[in-house]
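>
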Amino acid sequence: MSAPEIRPATPADLPFITGIYEHAVRYGTATFELTPPDLAEMTRRFHALMDGSFPYFVAALDGAVVGYAYAGAYRPRPAYRFTVENSVYLEPAIHRRGIGLQLLQRLIAECEARGYRQMIAVIGDSANAGSIGVHTRCGFQMIGTHPNVGFKFGRWLDTVMMQRALGEGATTLPAESQA
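Numbering-wise, this note's numbering puts 132 at position 57 of the sequence shown, and it's gapless, one number per residue.
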C-alpha cells in the first residue's frame, strides 16, 4: 500500500466523505445518527465548519478519498472557544493500517497551530477499541464514560470521553488578542 496523501478537504471530496459516513451510520456505532445524511446535508455541515475556520482533512490513496478528519466547536458557548472536538472516519477496508492515526496527528498539529488548547474526543461505543487506541496513541486520556446514553442496533451504547492538551494547554493564558 502506498502512503496516503493527507490534505485539506475540498467540496469535490464531499461525495466520498458522504459515502464513508453513510457506511458508518448504517453499520457502525462510532456515530449515533440513525439515518445517513444526504450529500446536501453533508455539504451544509462542511461549509459550516469551513465558515468557522475549523480544519478538515482527507486521506487519499492513489487519488481516492479513504478517510477524513475534522475539528469543530466543542460547545457553542464562548468560554469553550479554545476547545475543539474531533471526528475521524475511514473506509472499512483501510481500518488498522495507520491512516486514522495519520489523520488525527495532522488534525492535532493544525489545531495547535491555530491556537486551540484542548481537544475532546467523544467516542461512540465503549467497545470501539480502534478509536480508543488511536486516541491513546496520540496522547489522549480517558476522562469519563457516559453509560447507556445511546440506543442503536437493538442495544444500549456508552460514549467514551477522551481529552488531550494542545500546545501549551492550560499552562499559560491565551494571548490577549484571543482572550
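Note that the Cβ used here is the ideal one computed from N, Cα and C, for glycine as well.
Just grab the DSSP bridge partners of His221 for me.
Answer is Thr234, bridged to His221.
> Once you ignore the five residues that flank Cys186 on each side, which residues in its own chain have a CB closer than 7 Å to its CB?
Correct list, in chain order: Pro130, Ala146, Val159, Met194 and Leu241.
> Spell out a yes or no on whether the segment 134 to 142 and the segment 227 to 241 are touching, meaning 3 or more CB-CB pairs, one atom from each, closer than 8 Å.
They do not touch, by the three-pair rule.
> Under 7 Å Cβ to Cβ from Ile174, same chain only, skipping five residues before and after it: list those, please.
Once the five neighbours on either side are set aside, the close Cβ partners of Ile174 are Pro79, Ala134, Val141, Gly142 and Leu165.
> Quickly, what does DSSP pair Glu160 with across the bridge? List them, please.
Beta-bridge pairing links Glu160 to Gly147 and Ile195.
> If you reduce the DSSP assignment to three classes, tell me which class Ala139 lands in.
Note: Ala139 maps to strand in three-state DSSP.
> Are the CB atoms of Thr106 and Gly199 within a distance shorter than 8 Å?
Result yes, Cβ atoms of Gly199 and Thr106 sit closer than 8 Å.
> Would you mind giving the Cβ-Cβ distance between Arg192 and Phe157, rounded to the nearest angstrom? I have them listed as a contact below 8 Å.
Contact holds; Cβ gap of about 4 Å.
> DSSP puts Phe129 in a beta bridge; with which residues?
None, per the DSSP bridge assignment.
> From the DSSP output, in three-state form, read off Phe228 for me.
DSSP places Phe228 in coil when its eight states are reduced to three.
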